[in-house]
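**Student:** Questions regarding the structure given below will be posed in turn.
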Amino acid sequence: MEKTVVIVSGNSLSSSYGGPEISLDHDGGPIKIGKMLWTSCIEAVTEYCRIIFDLFPDEYQVCVAAADEVKCHPINTWRDEDQELTKVQSGFQKFGFPVLTPPVSRSHMTSILQGLQFGMRCLAQLTATQYAVSVCSQSVKKHLTTINHGRIVVFCSLESPNDLKDVEKAALNLLRMENTDIKQKQDPVRLPIQRCEVAVVNVYVSGAQSQIMPSPSRQISNDLSVSVYSYHAKELIVKTIDLVKTHFTLKSTSVTNIPMKEEQSGGGSFNYDVELIHKADAHRDIIRSGHQLDSSGKEGNSKETGGGSGSRRSDTVMLRWSTPKSMTLDLHYCSSVYRVTPADVTSRPTICLINFVLSGKPVLLEQPRKANNSKLITHLLTCHGGGIFLHCIPGGRSCLDEPPSISEGWGGRVTDYRISDFSSLIQDNMLVPNTVERTKIPSQYPLQLAEANLERMTRHWPLVFSDTVAYSMVHELEPLLSIIHRPVISDPELDSCKEVIKSIQDKEEYSEPLPIPSSGTRTRGSSKRDEQYHLLWNELEVIASKYRQQSEQHRMLYDFISHAVSQSPSCQNTRALLEKKEEEMAAKSGGGGGASANNKTAKEEPAIAKTQSVTSNNKVKGMRSSPYPVPAKPVASLLSIWTTQLNAKAMQGRPEFRGRATQSNKAELYTFMKNGSDR
1 MEKTVVIVSG NSLSSSYGGP EISLDHDGGP IKIGKMLWTS CIEAVTEYCR IIFDLFPDEY
61 QVCVAAADEV KCHPINTWRD EDQELTKVQS GFQKFGFPVL TPPVSRSHMT SILQGLQFGM
121 RCLAQLTATQ YAVSVCSQSV KKHLTTINHG RIVVFCSLES PNDLKDVEKA ALNLLRMENT
181 DIKQKQDPVR LPIQRCEVAV VNVYVSGAQS QIMPSPSRQI SNDLSVSVYS YHAKELIVKT
241 IDLVKTHFTL KSTSVTNIPM KEEQSGGGSF NYDVELIHKA DAHRDIIRSG HQLDSSGKEG
301 NSKETGGGSG SRRSDTVMLR WSTPKSMTLD LHYCSSVYRV TPADVTSRPT ICLINFVLSG
361 KPVLLEQPRK ANNSKLITHL LTCHGGGIFL HCIPGGRSCL DEPPSISEGW GGRVTDYRIS
421 DFSSLIQDNM LVPNTVERTK IPSQYPLQLA EANLERMTRH WPLVFSDTVA YSMVHELEPL
481 LSIIHRPVIS DPELDSCKEV IKSIQDKEEY SEPLPIPSSG TRTRGSSKRD EQYHLLWNEL
541 EVIASKYRQQ SEQHRMLYDF ISHAVSQSPS CQNTRALLEK KEEEMAAKSG GGGGASANNK
601 TAKEEPAIAK TQSVTSNNKV KGMRSSPYPV PAKPVASLLS IWTTQLNAKA MQGRPEFRGR
661 ATQSNKAELY TFMKNGSDR
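Going by UniProt numbering, the sequence shown opens with residue 1, and the numbers climb by one from there.
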């Protein structure tokens, strides 16, 4: 919500004394004077505006108004020069106390309804940013959209739930009337309200019971939602700070263990805490690390809390004051920066900390970790141009440092990675602005076409050279490797790919070695040269199988490669070796039936496994270097194991029933009746 209207409703209930008491010195002794509800509301509104003006000087705008039983008086406007706290304070000073009429039935609702009416009119008015968009040229308007969303915060005192229902009905009617009036009059300085959120803050006398129950945001219509808050006057300031956090996605940081000297204790020092409010993104790195200190209402070793609440809230992260050994603060790399504002500007610890930072002295904040009692510098508090900012210091390697060598991690040697091929892949899939008129077919959208192209080019893309044989000898396999991932292959391109396959067959026939690194090659009973050709044919068949559904030419290329693999001497030798080993393992296992079944399976399985690829030791992933041993007996299921145990226990306890002992598991009962016996 870029626009916020704050309404303070003054009625007969506002003159009640029920807020926090003020201590004053008098000749007869100290006296205490209670605050009226009106005074408490004015302080809460001032605090609400202060936080917004400090954190969002150029992003959000606030318009404040005071409503009595006569009319609604604007305190400031949407103009940039009115977006200051001094304007709000001087406006309330000029307004004074609301005009109250003699109390009649439900007269306290008059000021609330007038405030809502003023709020709707104020939201419909254009701000400086919205007006600049509305008067720009038509060519610029195509790329800019004027969004008119707003929030109305009403500080008031309600008597019964019926008053709340009247507020909801009035807000809905006023919103519809305002939008209808704007559309009919075509007013250039007003804009229809697309979405409005009304936050009703009910303030009641401390010690009394309010009949207004708080409720979260409820959708009244498509363009209106209402949320209800109910606070007593003594806690209104603290709850207003929480309300601002909810409306603008804010969180707070409690700076703990701030060393301060006490004048009363003769030069001794105590540690204090100060709460600072900022955007919630400032805690993003801490939350990701999972080491944030528990702040669920737990008091620290502090004498006073600058936040004024007396307890830690769940949205507060505790960071300790850090005293560095050397003043080399400018050398810290920061990943982000956010404006901050204190939660309690009147407390002595807050004033001391703010003056310390404004004097040009930065403050390092560290994050304590309970697990290993270690410390980590996470934030830097400093001043820029009269404003206080919180810099986030990344805990890991800085983004400005040199990237680590690949050999330092788990990836292996640097020279093993296909770095140049990866650069070519990036260039082939680079996105550029679309200048062609957009089609109406979703599958032909530029984004979908780019995703399809990337998926097609990376169906088989080994990361390292030790996982591939084909991409280790690209020059000998071109143009096959560059043509096969194309969406369509022409007949001349298909012929050129077949010529590449024939050249490999000729090299294998004349026993020419392949131009690939031979270090680390592991053989399986055959020569190293046969092993290299066997791995190459396997990978070529795997690549072709992933593209055979692309087009008819792709299928023809796959069939041609499969036929070449079946005719390859190296593949035939490897297949014969595997079958021989399987027969030997089956003979050793002693299971004749199992051995014959296994031999039959070995003969029927395809010559080349589709999932084979070369491992880091130049061997095929997923291919069995030796056949699995044939099990001597079938694997028993869990049910059969459990049944066997139950039967064994039953046999130990009593003799088995004769019927179960028979082969058919059936026993005839009452056989004497068939013989005609009287027994």
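Think of the CB as a built atom: it goes at the ideal place given N, C-alpha and C, for glycine as much as any other residue. Here the structure is a predicted model, which is why all the values come from computation and not from measurement.
With a 10 Å radius around its C-beta and 16 neighbouring C-beta atoms as the bar for buried, classify I286 as buried or exposed.
**Tutor:** It is buried - the Cβ of I286 has at least 16 other Cβ atoms within 10 Å.
**Student:** Which term fits G386, buried or exposed, when burial requires 16 or more other beta carbons within 10 angstroms of its beta carbon?
**Tutor:** So G386 ends up on the exposed side.
**Student:** Nearest by alpha-carbon distance to T4: which of I543, L380, L447, V64 is it?
**Tutor:** Looking at the Cα atoms, V64 is the closest of the given residues.
**Student:** Please report the straight-line C-alpha distance between G10 and V99, rounded to a whole angstrom.
**Tutor:** Each residue's alpha carbon lies about 8 angstroms from the other.
**Student:** Spatial neighbours of Q114 within its chain, please: C-beta separation below 7 angstroms, excluding the five flanking residues on both sides.
**Tutor:** Only A67, K71, C72 meet the Cβ criterion.
**Student:** Determine the DSSP secondary structure at L669, reduced to helix, strand or coil.
**Tutor:** It is coil, neither helix nor strand.
**Student:** State the CB to CB distance for the pair S252 and E275, rounded to an integer number of angstroms; the pair is presumed to be in contact (CB under 8 angstroms).
**Tutor:** At roughly 5 angstroms, the Cβ-Cβ gap stays under 8 angstroms, so S252 and E275 are in contact.
**Student:** Tell me the rounded alpha-carbon separation between M673 and K666.
**Tutor:** Distance between the alpha carbons of M673 and K666: 18 angstroms.
**Student:** With which residues is N202 paired in a DSSP beta bridge?
**Tutor:** BP columns for N202 point to C156, S230.
**Student:** When you compare only the Cα positions, how much space is there between L24 and S225?
**Tutor:** One C-alpha to the other measures close to 44 angstroms.
**Student:** In its own chain, which residues sit with a C-beta less than 6 angstroms from the C-beta of V228, not counting the 5 before and 5 after it?
**Tutor:** Excluding positions up to five away in sequence, the list reads V200, P214, S215.
**Student:** Roughly how many angstroms separate the alpha carbons of T240 and I52, rounded to a whole number?
**Tutor:** Straight-line Cα distance between these residues: approximately 12 angstroms.
**Student:** Taking the alpha carbon of T367 as the reference point, which residue from W321, L381, C352, H391 has its own alpha carbon closest?
**Tutor:** In the sequence as presented, Thr is not what sits at residue 367; that position holds Gln. Checking every option, the nearest Cα to that of Q367 belongs to W321.
**Student:** Assign G387 to one of three DSSP states: helix, strand, or coil.
**Tutor:** Strand, per DSSP.
**Student:** In whole angstroms, give me the CA-to-CA distance for D559 and S568.
**Tutor:** Cα to Cα, the separation comes out at about 14 angstroms.
**Student:** For F356, which residues from the same chain have a beta carbon less than 8 angstroms from its beta carbon, with the 5 sequence-adjacent residues on both sides left out?
**Tutor:** The residues are V363.
**Student:** Based on the DSSP secondary-structure assignment, which residues constitute the bridge partners of Q367?
**Tutor:** Beta-bridge pairing links Q367 to L376.
**Student:** Would a C-beta distance cut-off of 8 angstroms place L557 and V469 closer than the cut-off?
**Tutor:** No; because the gap between Cβ atoms is not below 8 angstroms, this pair is not in contact.
**Student:** Within 8 angstroms, do at least three Cβ pairs link the stretch 109-129 to the stretch 175-192?
**Tutor:** Contact holds: three or more Cβ-Cβ distances are below 8 angstroms.
**Student:** Please classify D273 as buried or exposed, where buried requires at least 16 other C-beta atoms within 10 Å of its C-beta.
**Tutor:** Looking at its Cβ environment, which holds 16 or more other Cβ atoms inside 10 Å, D273 is buried.
**Student:** Have a look at the DSSP bridge pairing and note the partners of Y338.
**Tutor:** DSSP, once it has assigned bridges, lists L390 as partnering Y338.
**Student:** Taking only three categories from DSSP, how would you classify W38?
**Tutor:** In this structure, W38 counts as helix in the three-state DSSP scheme.
**Student:** Roughly how many angstroms lie between the CA atoms of G395 and S336, to the nearest whole one?
**Tutor:** Computed Cα separation, rounded: 13 angstroms.
**Student:** Please tell me whether L454 and H278 are closer than 8 angstroms, where the distance is taken between their beta carbons.
**Tutor:** No. Outside cutoff.
**Student:** Report yes if the CB atom of H534 is closer than 8 angstroms to the CB atom of S503, and no otherwise.
**Tutor:** No. Outside cutoff.
**Student:** Who are S221's beta bridge partners in DSSP?
**Tutor:** According to DSSP, S221 bridges with L224.
**Student:** Among the residues of its own chain, which have a CB less than 8 angstroms from the CB of T378, if the five just before and after it don't count?
**Tutor:** D285, I286, L319, L365, E366, Q367, C392, I393, G395, listed in sequence order.
**Student:** To the nearest angstrom, how far is the alpha carbon of S111 from that of Y204?
**Tutor:** Cα-Cα distance, rounded: 16 angstroms.
**Student:** Applying the 10 Å Cβ sphere with the 16-neighbour rule, what's the burial state of V62?
**Tutor:** With 16 or more Cβ atoms within 10 Å of its Cβ, V62 is classed as buried.
**Student:** Below 8 angstroms on the Cβ atoms is my guess for C41 versus V8; work out the distance and round it to an integer in Å.
**Tutor:** Sure, about 5 angstroms apart at Cβ, within 8 angstroms.
**Student:** Report the three-state DSSP secondary structure of T611 (helix, strand or coil).
**Tutor:** Caution applies to T611, whose pLDDT of 36 falls short of 50 and renders its modelled position unreliable; the value that the coordinates give is listed next. Coil.
**Student:** Going by DSSP in three states, R418 sits in which element: helix, strand or coil?
**Tutor:** R418 falls in the coil class under three-state DSSP.
**Student:** By the three-class DSSP mapping on this structure, what secondary structure does A632 have?
**Tutor:** Model confidence at A632 stands at a pLDDT of 49, short of 50, so the residue's coordinates are unreliable; what they give is reported in the following sentence. The answer is coil: DSSP assigns A632 none of H, G, I, E or B.
**Student:** Sorted by chain position, which residues of the same chain lie with C-beta nearer than 6 angstroms to G360's C-beta, five sequence neighbours on each side aside?
**Tutor:** Excluding positions up to five away in sequence, the list is empty.
**Student:** From the DSSP secondary-structure annotation, give me the bridge partner or partners of W321.
**Tutor:** Per DSSP, L365.
**Student:** Can you tell which of M473, S443, R218, N222 has the C-alpha that lies nearest to the C-alpha of R418?
**Tutor:** Ranking the options by Cα distance to R418, first place goes to M473.
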